[in-house]
Amino acid sequence: MKSFHFEWDQNKNRSNHEKHAVSFEEALTVFYDENAVEYYDDNHSSEEERFIMLGISYQLRLLVVCYCIRNSDAIRIISARKTTKKEAKAYGK
1 MKSFHFEWDQ NKNRSNHEKH AVSFEEALTV FYDENAVEYY DDNHSSEEER FIMLGISYQL
61 RLLVVCYCIR NSDAIRIISA RKTTKKEAKA YGK
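For reference, each letter of the sequence shown is one residue, going 1 to 93 in this note's numbering.
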């Protein structure tokens, strides 16, 4: 199993959970989905390179997780939410 180091802003985690009903603790489990779909987020990468991952969480929910890489080894979660129908099709659901 892969091992990752995750970080996030705790205030952002709280506001993300209030807005989208997805915690960053759940979002990080998407990185262990062997069928996850990942792509570069060109629209939001002007200040730092950002990525988007679609995958199944440990709660069996299909999520979109936006993140960046910090210090070459830390995955910083920026936001997480449930997928739209269009995004679910990109995952294959």
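Quick reminder that beta carbons are idealized off the backbone N, C-alpha and C, glycines included.
Given the structure is predicted, the values throughout are model-derived calculations rather than measurements.
Asked, Found
"Taking DSSP's pairing of strands, which residues face His44 in a bridge?", "According to DSSP, His44 bridges with nothing at all."
"Rounded C-beta distance between Asn16 and Ser79? I'm assuming under 8 angstroms.", "6 angstroms"
"Which residues bound the beta strand (DSSP E) around Tyr67?", "62-70"
"Can you pull the DSSP bridge partners for Ile77?", "Tyr67"
"Got a sec, what are the start and stop residues for the beta strand (DSSP E) Glu26 sits in?", "Unbroken run through Glu26 is the alpha helix (DSSP H), 24-27; no beta strand (DSSP E)."
"In angstroms with no decimal places, state the Cα-to-Cα distance between Thr84 and Ala21.", "14 angstroms"
"According to the Cβ coordinates, are Val64 and Glu87 closer than 8 angstroms?", "yes"
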